[in-house]
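Worksheet: one structure, shown below.
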Amino acid sequence: MQLQLRYFASLREALGTGSETWTTQAATVGGLRDELIARGGAYAEALARGRALRASRNQVLCEEDAVLSEGAEVAFFPPVTGG
Numbered sequence: 087m088q089l090q091l092r093y094f095a096s097l098r099e100a101l102g103t104g105s106e107t108w109t110t111q112a113a114t115v116g117g118l119r120d121e122l123i124a125r126g127g128a129y130a131e132a133l134a135r136g137r138a139l140r141a142s143r144n145q146v147l148c149e150e151d152a153v154l155s156e157g158a159e160v161a162f163f164p165p166v167t168g169g
């Protein structure tokens, strides 16, 4: 299925892009993250397990077990705090 991916803040800087279209076989946001990590290079480093990241599906915060659907927008970003 084809997804629209968005990256924010330090992830955008590390990956050199704020968005891309991606074709995936992953069923969940966590599976998608693993697929992107497997790309290697900057993706493996920026999205690595152990790094605190948040995700949203169709502009709603979600957990990694959120199910993906054709045409979904998935965004990854570092956690943010107010102050």
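Using my numbering, read the sequence shown as starting at 87 and increasing by one per residue.
Here a beta-carbon is modelled for each residue, glycine too, at the ideal position from N, C-alpha and C.
Can we count V160 as close to the ligand FAD, meaning its CB is less than 8 angstroms from some heavy atom?
No copy of the ligand FAD occurs in the structure displayed, which carries no ligand at all.
Option nearest L133 by Cα separation, candidates S142, V166, S155 and F162:
Residue 133 sits at position 47 when you count from the first residue of the sequence shown. Checking every option, the nearest Cα to that of L133 belongs to F162.
Mind checking which residues open and close the beta strand (DSSP E) that includes A161?
Here residue 161 corresponds to residue number 75 of the sequence shown, with the count starting at 1. Per DSSP, A161 belongs to the beta strand (DSSP E) from E159 to F163.
If you reduce the DSSP assignment to three classes, tell me which class S105 lands in.
Taking the sequence shown and counting its residues from 1, one reaches residue 105 at position 19. Of the three classes helix, strand and coil, the one that applies to S105 here is strand, per DSSP.
So, V153 versus T107, is the Cβ gap smaller than 9 angstroms?
By 1-based counting over the sequence shown, the position of residue 153 is 67. By 1-based counting over the sequence shown, the position of residue 107 is 21. Result no, Cβ atoms of V153 and T107 do not sit closer than 9 angstroms.
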